[in-house]
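Mapping the sequence shown onto UniProt numbering, position 206 (from 1) lands on 206, and the numbers just tick up by one.
Where a beta carbon is used, it is the ideal one built from N, C-alpha and C, also for glycine.
So the structure is just underneath, and the comments pick up after that.
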Amino acid sequence: MGDALVDGFLWLQDRAWELVVQPLVYALGFAAYIEDAYTATGIMLMGAIGVVAMVALLAPLERLRAVEAPGPWRAVAADVAYTLIHRLGLFGLIAFAFTDPVEIAFTHLLMAFGLPRGSLLDALPPLRDWPGLELAVYVLVLDFVMYWVHRGQHGLTAWWALHALHHSQRHMTLWSNDRNHLLDDALIALIMVVVGTLVGLPPAAYAWVAVVLGLVESLSHANARLDFGPVGERLLVSPRYHRAHHAIGDYTNAEMRSCNFAVLFPVWDMLFGTADFRRDVYPATGIIDDDFGDGLLRQQVAGLRRLARLLPGGTARRA
Ligand SMILES: [Zn+2]
Ligand SMILES: [Zn+2]
């Protein structure tokens, strides 16, 4: 089953390569980058599969269990654009570009201290016999890091200047997960590559992990009245759980302080005292001092302006 999936994927990658990407690479005079272009084709194809799966699974859910009427089409269109930019390549390509320099820097650092190169598998040898468990441990480690990255996005004023863009959506949909400042995206890609290198996560495995994580994250932003029950709410982030994180105004003294920072597993919020399990509550979402507007470019500029205001001489303004 697994082999058939891999074969099917490679077949698709080769067709996309022969029919579209390879002729394009030659026509544009980038023949020197032919190997990188083939890898990039795989990254884009994986992203496309993730987007198709997301729409197929979550659009019917939103129709059946909508919390609120859909927002203005321009606001949704920007989120669709973010999703396509992010999943069809940008994040993967940034991560791919960072991989070699981070790997080299890490190897030099280890050599400087005379340390051997290891991975999570070396630290926990029994994992070698359980590939599924090995992947689960990687996901757990990445999710733990993402929890603290998210705490940083809310706790550090400069980082919040960018992350506020993610929270500015007043009508969340399955498309809202990738609504991020591109600078924030690049920073997170770098952090994830560093963590992946530290634990020895194989890059190919990371790409598939990203597809599955993307699906769960899209679900958590869906416009759906859905919680996973008293036990399930503590096991996996639900649309109800993440909506509380996006609440506007007084719900949990939201926005910069907020609650429910976990990306996949609420256990981190439980351990660090940031969980809110009030069920049957679907608060309005957004930020009070919203100056982002609807268009993607305008939002990117607004994020940079917010950041600039924090520089010495800028007129600081907090959420
Ligand atoms: Zn947040
Ligand atoms: Zn969110």
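Its chain contains A302 as the residues whose beta carbon lies nearer than 7 Å to that of D291, once the 5 sequence neighbours on both sides are disregarded; these appear in chain order. Distances taken from the Cβ of H86 to the heavy atoms of ligand 2 include none shorter than 7 Å.
Along the length of the segment 200-286, whole alpha helix (DSSP H) runs at least 4 residues long occupy 203-221, 229-232, 239-245, 267-271, reported in chain order. Counting other Cβ atoms within 10 Å of its Cβ, G8 stays below 16 and is therefore classed as exposed. With fewer than 16 other beta carbons inside 10 angstroms of its own, P70 counts as exposed. The continuous alpha helix (DSSP H) containing Q22 extends over residues 22-27. Judged by DSSP in its simplified three-state form, P312 adopts coil rather than helix or strand. Per the coordinates, the alpha-carbon of D294 lies some 5 Å from the alpha-carbon of A75.
Just measuring C-alpha positions, the residue of L174, A161, G114 sitting nearest L311 is A161.
In the three-state DSSP reduction, S168 falls in the coil class, being neither helix nor strand. Relative to the non-hydrogen atoms of ligand 2, the Cβ of H245 comes within a distance shorter than 7 Å of at least one. In the structure shown, the three-state DSSP call for T173 is coil.
The segment 100-111 and the segment 55-62 do not touch, with fewer than 3 CB-CB distances between them shorter than 8 Å. Closest in alpha carbon position to S176, among R65, P202, S218, is S218. The DSSP-derived three-state label of R151 is helix.
Closest in alpha carbon position to L61, among G286, R15, L174, is L174. In the displayed model, F106 falls within a helix according to three-state DSSP. Ligand 2 never approaches H108 closely enough for any of its heavy atoms to be under 7 Å from the residue's Cβ. Taking the Cβ atoms as the reference, D178 lies roughly 4 Å from H86, within the contact range of under 8 Å. Contact check between the segment 200-211 and the segment 147-165: fewer than three CB pairs, one atom from each, fall below 8 Å, which does not count as touching.
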